[in-house]
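First the structure, in the form of structure tokens, and then the observations on it.
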Amino acid sequence: MISERVGGRVACGGSGRRGSRGLRKVAGSMGMTEGTYDFGQIERKWQAYWDEHKSFKATDCDASKPKYYVLDMFPYPSGQGLHVGHPEGYTATDIVARYKRMKGFNVLHPFGWDAFGLPAEQHAIATGTHPEETTNKNIANMKRQTKALGFSYDWDREVATTDPEYYHWTQWIVLKLFNSYFDEELQKARPIEELPVPDGLSAQERRRYIDDRRLAYQADVPVNWCPALGTVLANEEVVGGVSERGGHPVIRKPMRQWMLRITKYAERLLDDLKEVDWSESIKKLQVDWIGRSVGAEVCFRIDGYEDNIWVFTTRPDTLFGATYMVMAPEHPLVGTIVTEAQKQAVEAYCEAAARKSDLDRTDLAKDKTGVFTGAYAINPVNNERIPIWISDYVLISYGTGAIMAVPAHDDRDFEFATKFALPIVQVVQPPSAEDAERVARGELCFTGDGTAIHSGPFDGLTTAEFKEKITAWLAERGLGKKAINYKLRDWLFSRQRYWGEPFPIVHLADGTVTGISERELPLRLPDLDDYKPLGTAEPPLAKATDWVNVTLPDGSAARRETNTMPQWAGSCWYYLRYLDPRNAERGWDPAKEKYWMPVDLYIGGAEHAVLHLLYSRFWHKFLYDLGYVSTKEPFKKLVNQGMILGEDGQKMSKSRGNVVNPDQVVTDYGADSMRLYEMFMGPLEAMKPWSMNGVQGVHRFLQKTWRLVVEEETGRLSPAVQDAPADEETLRLLHQTLKKVGDDVESFGFNTAISAMMILVNHLGRQQVRPKSVLESLVLVLAPFAPHIAEELWQRLGHANSLAHEPWPSYDKGLIRERQIELAVQVNGKIRDRIVVAAEADEEAIQAEALSSDKVVEALAGKTPRKVIVIKSRLVNVVV
RNA sequence: GCCGGAGUGGCGGAAUUGGCAGACGCGCGGGAUUCAAAAUCCCGUCCUGGCAACAGGGUGAGGGUUCGAGUCCCUCCUCCGGCACCA
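FYI, the numbering for the first sequence is 6 to 885, going by our numbering.
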């Protein structure tokens, strides 16, 4: 239905769905002539021109111009090709890039491919096709689609993360992480050789001491193991406790994994958000993800044991209200303290907890469960003996893996205490008397701030005062200390996959690991006969025995690490490789880095608001510590484009059948219409539905613009185009437009910029004489948005060279101002009349004019104005 | 549950940040052109009443501040996004 209508309507403007019965044939049979807007031919012509002339080549270290680095989040080259969401961000950055060039900036605007990823590997498993082959094919297709949109990328800087010449340096950074530690005092990374190692350690202990401090390290952590698929899955591949593909059950299984110590950078990742120009909402997402909380660690003795239990709490002021303790099932002391009577129950509980997935432990299990250990702890502030429980509502991975429970003032503890009939003791008096009564009766849990009660010598203190006093009190007695915890966890950095960067690490016969030499990089992926998982938890690379088994220079045998890196790895630093993409000696040249960094504008989808941006920032700070980059933060300004929905207002998906194919849009309406429509839809950051009719609308605008310059019948310059001075009104409108478009590009208000150009075009269309100078300015400001038609019109207006580096037309403030302005006249806020006054009229004159209006006099009905408010160039309000 | 963001014509969206609500585009209605259609051009198009001039109402709902509120404040509703036992 829709395609039928669209096809019918564009018959004159484009080739439509009915393929070759398009513009040229239909129009040709109708006697169409040379001069109609033939976007297909024009776009091919100028794309070839730009390629041939390398119009958008960025010159490194050009000191004669200010630099501007404008970056897109590079895409995964999917077999589906480009969807209409991609060009949204790309068009926005392209407009800025082209605008900045015209403003005299040396612009770096590169593009590349985040090319490692699961789909190519799944395809390899299914068909035996090498993922590299699939990837290259997909890149070629998406590159064709991207180029068809006329973006002004410096294609000579194109990179793909799967290219060994690229992942050489990904591996190099990981090797640096492996060979570095974090100096707590200086709060920065340093080479591992500089790590002070205590004296008197055995060789093995020494080794252990060092390995425990590397920024890339191994640990046993639970992974998502799917027995049916015989493989480990990423969190994104597990939906609702089963595998995304096939719906097979997934269990948690501890495996030796590579981790990156991102938590060491938590404080800096938080602090430096102050330095970047990102939306507050994105910053907040990061802040919440890092999840810093300040409190105290407190030591509880276990009755009858030497061991102590440490807990972390943000509310040390509620210590007197701690009526029991809870340890995570995985807590190392569980086995030690459990009594004989409780042993069976505790073991059963811990085993069940181990089997549960994260999902079971949170979403599905709202109801609290737990079991008593039989052991008791001593509350350090009042020496009360309190029971120690086990429950999976306490996480081993946060804080100390154990808590003191204060049911009167913590929702979770309240719920647990209620269920297991544990005592509830109020120690904070809420400000509201009503609340206070209910808390005292044990009916209400109060988590806010108040005044201390039932807290011995501390009674009467406010929550804030108490926190400070008790923390000091505990510290003096060695029973506690101030502590800061983060929700952020170390980054699980290994995947049991083939299609990823191999680790530059070998395992020695004695079980230790070592990094390979930088000279051996890149460590290339070996080819495999087939890509199916082994069915054990071993990664596919284990199959490549020739590759895995290596002989070290000293003649000893070793095995390569068979895990590969996650997809995030390549995208963590690609913005640096663009600076110097063909450098075989190093990842990037320091002088080029100093010249181009930081990225001035970074645009991409909000789905990367947390992980990609956090990981990149982490690597960047690490590289900063080692002196490889000169800025603390990589991305100065960040903008997230909103999602584009289908015409039905739903998310685009194959199953809904509402996917819009960019190739089709380009064929039917042209790249310029596509670009313009994507920007005209609405604010860049908003979510908005697609509309083919909307594409028609901007296409009509381009045709109108075309006809301002070209006489369709002859294909020659329109006779209305003359070297005549513009009349006052036209000139004013032109300069208003120049100002509006420039201002709007600076503030990413592309939709309103286009609207302003439409107003000017509509006006010029009505003129008998169209001054060439006005058209030239119009074409120049249109160029960043619709570059192909702009180049063509610029040429037809008599210019030999591309307009890509023409200066952006400036506006004249004096010409913008209207001579006469219309003001609304209100009586008590209601508009009663409009008056026209000279732009420079003073308040008194305006007031006199307003009060003399018949309609105003009538509305006043003889009453005397109490007050007259004159807002110059806006309105007059007469108050009675 | 908690934290963000947003609710404006039939639709996408504007509104110089407290100053004429609905720019621009779509859609729709009417007209011109045409043998006819497409395309193009012109006029109209927030709602209600009226031939009209005009009058009244109107930015999710209710209240408030102000000469004046889509914009600021309070309460509530709806939608979208994020987090989800982080002690």
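We treat Cβ as the ideally placed atom computed from N, Cα and C, and that holds for glycine. Keep in mind the model is a prediction, meaning the values are calculated, not measured.
Closest residue to residue i among the options (Cα-Cα distance)
i	options	result
Asp-749	Ala-761, His-740, Leu-738, Leu-739	Ala-761
Pro-922	Ala-346, Asp-515, Gly-516, Gly-520	Shown here, the chain extends from 6 to 885; a query on residue 922 therefore has no answer.
Gly-1	Trp-394, Glu-718, Glu-796	The chain is shown from 6 up to 885; residue 1 falls before or after that span and cannot be answered.
Gly-505	Pro-544, Leu-539, Glu-523	Pro-544
Asp-585	Leu-484, Trp-160, Asp-43	Trp-160
Arg-49	Gln-150, Arg-306, Phe-116, Phe-79	Gln-150
Ser-815	Gln-831, Pro-792, Leu-765, Leu-739	Leu-739
Ala-407	Glu-356, Leu-338, Glu-470	Leu-338
Ala-562	Thr-550, Ala-542, Leu-206	Thr-550
Asp-67	Lys-597, Thr-742, Gly-770	Lys-597
Gly-483	His-617, Val-303, Asp-559	Val-303
Gly-86	Tyr-310, Asn-141, Gln-46	Asn-141
Val-555	Glu-525, Phe-623, Val-604, Glu-733	Glu-525
Leu-113	Val-89, Lys-70, Val-376, His-91	Lys-70
Leu-493	Asp-605, Phe-623, Ile-130	Phe-623
Asp-668	Lys-152, Glu-352, Tyr-403, Gly-404	Lys-152
Glu-781	Trp-813, Gln-772, Phe-790, Ser-752	Trp-813
Val-376	Ala-346, Gly-404, Arg-218	Ala-346
Same chain only: Cβ atoms within 6 Å of residue i, ignoring 5 sequence neighbours per side
i	result
Leu-581	Trp-593
Ala-829	Ile-836, Arg-839, Leu-880
Val-703	Ser-678, Leu-681, Tyr-682, Phe-685
Gly-122	Tyr-81, Gln-572
Tyr-583	Pro-115, Arg-162
Pro-792	Gly-155
Lys-868	Val-885
Cβ pair residue i, residue j closer than 8 Å
i	j	result
Val-202	Tyr-186	no
Thr-236	Gln-501	yes
Asp-418	Ala-410	yes
Leu-191	Tyr-329	no
Gln-291	Leu-619	yes
Trp-283	Leu-643	yes
Tyr-222	Arg-266	yes
Arg-306	Ala-271	no
Val-664	Ser-658	yes
Ile-383	Asp-308	yes
Ala-457	Leu-466	yes
Val-766	Lys-709	yes
Phe-463	Lys-472	no
Ile-47	Ile-794	yes
Leu-713	Gly-770	yes
Cβ-heavy atom distance, residue i to the ligand SAM, below 7 Å
i	result
Gly-404	Ligands displayed in this structure: none; no statement on the ligand SAM is therefore possible.
Integer-rounded CB distance, given that residue j should sit under 8 Å from residue i
i	j	result
Pro-232	Pro-259	Not confirmed; about 15 Å, so no contact.
Val-430	Phe-451	Between Phe-451 and Val-430 the Cβ distance is about 12 Å, and since that is not below 8 Å, they are no contact.
Met-602	Thr-569	29 Å between Cβ atoms; not a contact.
Asn-387	Phe-317	Contact flag wrong, Cβ pair sits at about 20 Å.
Glu-138	Tyr-503	With 8 Å as the limit, Glu-138 and Tyr-503 do not qualify as a contact, their Cβ atoms being about 13 Å apart.
Leu-689	Gly-651	Contact flag wrong, Cβ pair sits at about 19 Å.
Thr-341	Tyr-310	7 Å
Sequence-distant residues of the same chain with beta carbon closer than 8 Å to residue i, five excluded per side
i	result
Tyr-54	Ser-60, Glu-796, Ser-807
Ser-878	Ile-826, Leu-828, Ala-844
Asp-277	Arg-622, Lys-626, Lys-637, Glu-638
Status (buried if at least 16 other CB within 10 Å, exposed otherwise) for residue i
i	result
Lys-72	buried
Asn-833	exposed
Gly-3	Given that the chain is displayed from residue 6 to residue 885, the structure contains no residue 3 and the question cannot be resolved.
Trp-252	For the record, residue 252 in the displayed sequence is Gly; it is not Trp. Flag for Gly-252 reads exposed.
Ile-874	exposed
Thr-344	exposed
Glu-280	exposed
Gly-300	buried
Val-841	exposed
Ile-314	buried
Asp-99	buried
Cβ neighbours of residue i in the same chain (closer than 7 Å, five flanking residues each side left out)
i	result
Leu-369	Note that Leu-369 has pLDDT 45, beneath the 50 cutoff, so the model's placement of it is unreliable and the number below is only indicative. None.
His-617	Trp-573, Ser-576
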